[in-house]
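Accompanying notes for the structure given below.
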Amino acid sequence: MGIRNIFGTANLKSLLKNKSFLGGAALGVVLAAGVSAAAMTGLGQAPGLYDGAQLLKTADLTPVKPPNGAPMSFADMIERVSPAVVSIETKGKIKVDAVPSLPGFSFPGQDPNGGREQEVRGAGSGFFISADGYVVTNNHVVEGATEITVKLTNDKELPATVIGRDEATDLAVLKVEGKDFPFVRWELERKPRVGDWVVAVGNPFNFSNTATAGIVSAYGRDLRESGTSYIDYLQIDAAINRGNSGGPTFDLYGKVIGVNTAIVTPSGANAGVGFAIPAETANKITQQLMTGAKIARGYIGVSILPVSKEIAESLNLVDTTGAFVAELPRGGPAEKAGLQVGDIIKSVNGTAVKSPTDLTRRIADIKAGEKVVVEVLRNGQVSKITVTATLRPSEGDLARGAQGGEEGSSSSSSSESGSAPVIGLSVKALSPDVRKTFGIAAEVNGVVITDLDANSDGAEEGLRPGDVIVQANNQVLTSDTQFKSIVADLQKSGRPSILLLINRDGRNAPLVLSLKAPEAPKP
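What follows is the structure in structure tokens.
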């Protein structure tokens, strides 16, 4: 069965970007979806639903007792908690492609180094966790924002500042000036069960104070494509959409069991598969962020993969537990201690490692400078190696490959460009260094995209640096020269497009691109 039949669509964005942040991974994603804050002006909740006195009531001083069995209505609980839920509007600037240079001329907003700054707007949700104005939301809602506005349910708008944010868990804490704000509490005693009723409240598509209901569909979900391995997400089927990011999911007692963060969708809209950061994790991180502290995590410097069934069979292992060491950054703690690529990490400090994610979280809880006893399986023999943990680099440093990798992920990005672009794509052959730079597995072959023109068909379809072109025109690729030759031959023959097979994170997807060169940006 082909990729088209498996996924039901040939659109690369659907095939390779089916996990979506609800408020956009950065400012401007809401705009890209066609729903900006400006575009929706006047479509929010009408003023007057809560007067000032009502708004200042604490949202959950008296927990709502749910009825036995299926509730007749969620109205009482929603009425109590909704004043604590806020809409968040952001403004920021991004640099767009430079216009063609004209001696003696400049354009409004153009950077001296070429390129222009364009204002973008974003929208999301959040909620008060204290009476003195601390608001929880997602990091991706406010990342890069130069101006943040919190809008209450009575339509009152307050400026907000970022007190702290954590990219790894996608959480942020804001502060607004004032007191006696309604607030909600975390559910830290009772773990949600599959089948429990939940209510999500937020700001989807800028429709403020929207409530939807559903159930807990699953828990312990690992969304590694979201950029973090530190969270066991709750999966819920309550309708959540873009703009719900950072909003709360409540249980029937009116306590927060999760922070809405991501959806899986083939279309960009709700498909009944949403994910929330569990209350236990969110409370732990936000309590630290409220003090202005940065989240410190341990690091030993290994890029790891799951022990697949095939790996287990080839090594005659009895199970697939542990973490397979795929790469070791040069000079990192693990390499210095003697770990090797191909080792399988079976335990840390005497506790068995179930999976790469389990190892990632275990190492994150270790303080810099502490000794870590790692038990590894190598060539059928078990040995113990002591590694001295260091402070985990920032997400930005890891993304730039400054430390060569991170626990729980074998992917990284690079600004390294290939040779002259073809149809807007710069590509390189998969040399060992290139594989290491982009975290490309040994079994993936082809040429890697190192850069692409922002105006190209490939960029429009969602291609990005690090994607591997496995085939072009049904021919298996082994070099960048071969790719260029195939494109040139098709262009000479008058063919309007080319069929590519793209691999991203181990998944293949077909993609048809125009053979026309991208147009230069217009002023």
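Here the sequence shown stands for residues 916 to 1438, numbered as in this note's numbering.
Ideal Cβ placement from N, Cα and C applies to all residues, glycine included.
All values reported here derive from a predicted model rather than from experimental measurement.
Original post:
Around the C-beta of Ser1346, are 16 or more other C-beta atoms found within 10 angstroms, so that it is buried, or is it exposed?
Top reply: exposed
Subject >> Where Val1391 falls, given that 16 or more other Cβ within 10 Å makes a residue buried >> reply: exposed
Subject >> Three-state secondary structure (DSSP) of Thr1301 >> reply: strand
Original post:
Hey, would you say the C-beta of Asn1370 is under 6 angstroms away from at least one heavy atom of the ligand PLP?
Top reply: This structure does not include the ligand PLP; it has no bound ligands of any sort.
Subject >> Residue of Thr1235, Tyr1145, Arg1136 and Thr1180 minimising C-alpha distance to Arg1157 >> reply: Thr1180
**OP:** Compute the Euclidean distance between the alpha carbons of Glu1102 and Phe1120, then round it to the nearest angstrom.
**Re:** 27 angstroms
**OP:** Starting from Asn1198, follow the alpha helix (DSSP H) in both directions and report where the run begins and ends.
**Re:** Ala1194 to Leu1204
Subject >> Unbroken stretches of the beta strand (DSSP E), 3 residues or longer, contained in the stretch 1163–1190 >> reply: 1163–1165 and 1171–1179
**OP:** If I'm right that Val1001 touches Val1057 with Cβ under 8 angstroms, what's the distance once you round it to whole angstroms?
**Re:** With 8 angstroms as the limit, Val1001 and Val1057 do not qualify as a contact, their Cβ atoms being about 13 angstroms apart.
**OP:** Given a cut-off of 7 angstroms, decide if Ala1304 and Val1287 are closer than it, judged by their beta-carbon atoms.
**Re:** yes
Original post:
Nearest-angstrom Cα distance between Arg1439 and Arg1350?
Top reply: The requested residue 1439 is not part of the displayed model; the chain covers only 916 to 1438.
**OP:** Below 7 angstroms CB to CB, which residues in the same chain sit around Asn933 once its five sequence neighbours on both sides are set aside?
**Re:** Summary for Asn933: the model assigns pLDDT 39, below 50, so the residue's position carries little reliability; its value from the coordinates is reported in the next sentence. Excluding positions up to five away in sequence, the list reads Val1179, Thr1180 and Pro1181.
Original post:
Straight-line CA distance for Ser1329 to Asn1118?
Top reply: Note that Ser1329 has pLDDT 34, beneath the 50 cutoff, so the model's placement of it is unreliable and no number is given.
Subject >> Burial state of Met992, where buried means 16 or more other Cβ atoms lie within 10 Å >> reply: buried
Subject >> For Ser1040, the nearest candidate out of Ile1210, Pro1163 and Leu1243 (CA to CA) >> reply: Pro1163
**OP:** Mind checking which residues open and close the alpha helix (DSSP H) that includes Gly1265?
**Re:** Element bounds for Gly1265: n/a, residue is neither H nor E.
Subject >> Per DSSP, the bridge partner or partners of Pro1425 >> reply: Leu1416
Subject >> C-alpha distance - Val1385 paired with Val1359, whole-angstrom precision >> reply: 8 angstroms
Original post:
Using a Cβ-Cβ cut-off of 6 angstroms (strictly less than) and excluding sequence neighbours within five positions of Lys1399, which residues of its own chain qualify?
Top reply: Val1337
Subject >> Three-way DSSP call (helix, strand, coil) for Lys1286 in this model >> reply: strand
**OP:** Could you pull out every unbroken beta strand (DSSP E) segment of at least 3 residues lying fully inside the stretch 1339–1410, listed in chain order?
**Re:** 1340–1344, 1362–1367 and 1383–1387
Original post:
Is Lys1343 buried or exposed, if buried means 16 or more other CB atoms sit within 10 Å of its CB?
Top reply: buried
Subject >> Ser1132, DSSP secondary structure in three states >> reply: strand
**OP:** For Glu1285, count neighbouring C-beta atoms within 10 Å of its own C-beta (all shown protein chains included) and say buried if the count is 16 or more, exposed if not.
**Re:** exposed
Original post:
Below 8 angstroms, can you find three or more Cβ-Cβ pairs linking the stretch 1080–1092 to the stretch 1196–1209?
Top reply: yes
Original post:
Can you list, in chain order, the residues of its chain whose CB lies under 7 angstroms from that of Ala1191, leaving out five sequence neighbours each side?
Top reply: Tyr1148, Leu1149, Ile1151, Thr1164, Gly1173, Val1174, Asn1175 and Thr1176
Original post:
If you draw a straight line from the alpha carbon of Thr1473 to that of Ala1115, how long is it in whole angstroms?
Top reply: Residue coverage of the chain in this structure runs from 916 to 1438, which leaves residue 1473 outside it and unanswerable.
Subject >> Ile1130 beta carbon less than 7 angstroms from that of Gly1161 >> reply: no
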